[in-house]
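Q:
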Amino acid sequence: MAAAAVTADLDKNLDPYTIDKDTTKSKFNLSTKSVAATRSSTKKNIKASRTKLKAPDSESEDVNKPRSTIAKDMIEQTYYEKILSETLLQYPVFATIQVRQIGYLTGPVSKPNTSSDRLNAVKIMLDLLQEAGLVAGEFDPVYLFEMELGEIQAATQDLYDSLKILVSEHVQTSDLNYQTRSSH
1 MAAAAVTADL DKNLDPYTID KDTTKSKFNL STKSVAATRS STKKNIKASR
51 TKLKAPDSES EDVNKPRSTI AKDMIEQTYY EKILSETLLQ YPVFATIQVR
101 QIGYLTGPVS KPNTSSDRLN AVKIMLDLLQ EAGLVAGEFD PVYLFEMELG
151 EIQAATQDLY DSLKILVSEH VQTSDLNYQT RSSH
């Protein structure tokens, strides 16, 4: 009988259906502590990753400007970029040459000259696009030269008006001959 009691006690410890409340509580407490510890460390990691990062050189620009001024500048920039995109969509000449912006706009841009023929008007328009950093895609020149001269000139002028606000205007200086007086 004593052997049967020892065997019953061993079987009781090995039986998965037998519940020992003290053992279960200690196992449960250990598991909740480790889960709670894991959760708190995860929260710290999440909070650390939510900090705002800035580019190293952006500090110099933002130090002297209040946030409201920066926001106004961004809104203004976005507005003028929208005007530019509307200008590019408005004229069929830009759709024909499939104008694209690959990188950032460059500048300054020069005021386009007026031309009395289509060939020079198209060259002036393509030069303006190149100055601004815009790229003409693949197009059939036959369609381009079928357009009215006035339409090409109006599109070029509106493009210039949109670009000069975004990338500034190249001021063309006239050649003034300053005569110096010398005593001979």
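If you read the sequence shown in full-length UniProt numbering, its first letter stands for residue 1, the second for the next number, and so on. Here a beta-carbon is modelled for each residue, glycine too, at the ideal position from N, C-alpha and C.
According to DSSP, is residue 138 helix, strand or coil?
A: coil
Q: Roughly how many angstroms separate the alpha carbons of residue 109 and residue 80, rounded to a whole number?
A: 15 Å
Q: At the level of alpha carbons, what is the spacing between residue 162 and residue 84?
A: 5 Å
Q: With three or more C-beta pairs closer than 8 Å as the rule, is the region 140-157 touching the region 100-109?
A: no
Q: Rounded to the nearest angstrom, what separates residue 103 and residue 117 at their Cα positions?
A: 31 Å
Q: Residue range of the alpha helix (DSSP H) that residue 130 falls in?
A: 118-132
Q: Here's a check: name, in chain order, each residue in its chain whose Cβ is nearer than 6 Å to the Cβ of residue 168, leaving out the five neighbours to either side.
A: 107 and 108
Q: May I ask you to report which of helix, strand or coil DSSP gives residue 101?
A: strand
Q: Rounded to whole angstroms, what's the CA-CA distance from residue 87 to residue 113? Just pull it up for me.
A: 19 Å
Q: So, with DSSP's three-state summary, where would you put residue 169?
A: strand
Q: Should the region 153-160 be regarded as contacting the region 126-138, the criterion being three or more beta carbon pairs within less than 8 Å?
A: Contact holds between the region 153-160 and the region 126-138, because three or more Cβ pairs, one in each stretch, are under 8 Å apart.
Q: In the DSSP assignment, the alpha helix (DSSP H) including residue 80 goes from what residue to what residue?
A: 67-90
Q: Taking residue 153 as the reference, give the member of 137, 70, 94 and 100 with the closest Cα.
A: 94
Q: Nearest to residue 147 by alpha carbon, out of 99, 71, 119 and 82?
A: 119
Q: Buried or exposed: which applies to residue 71, given that a residue is buried once 16 or more other Cβ atoms fall within 10 Å of its Cβ?
A: Answer is exposed; the Cβ neighbour count stays below 16.
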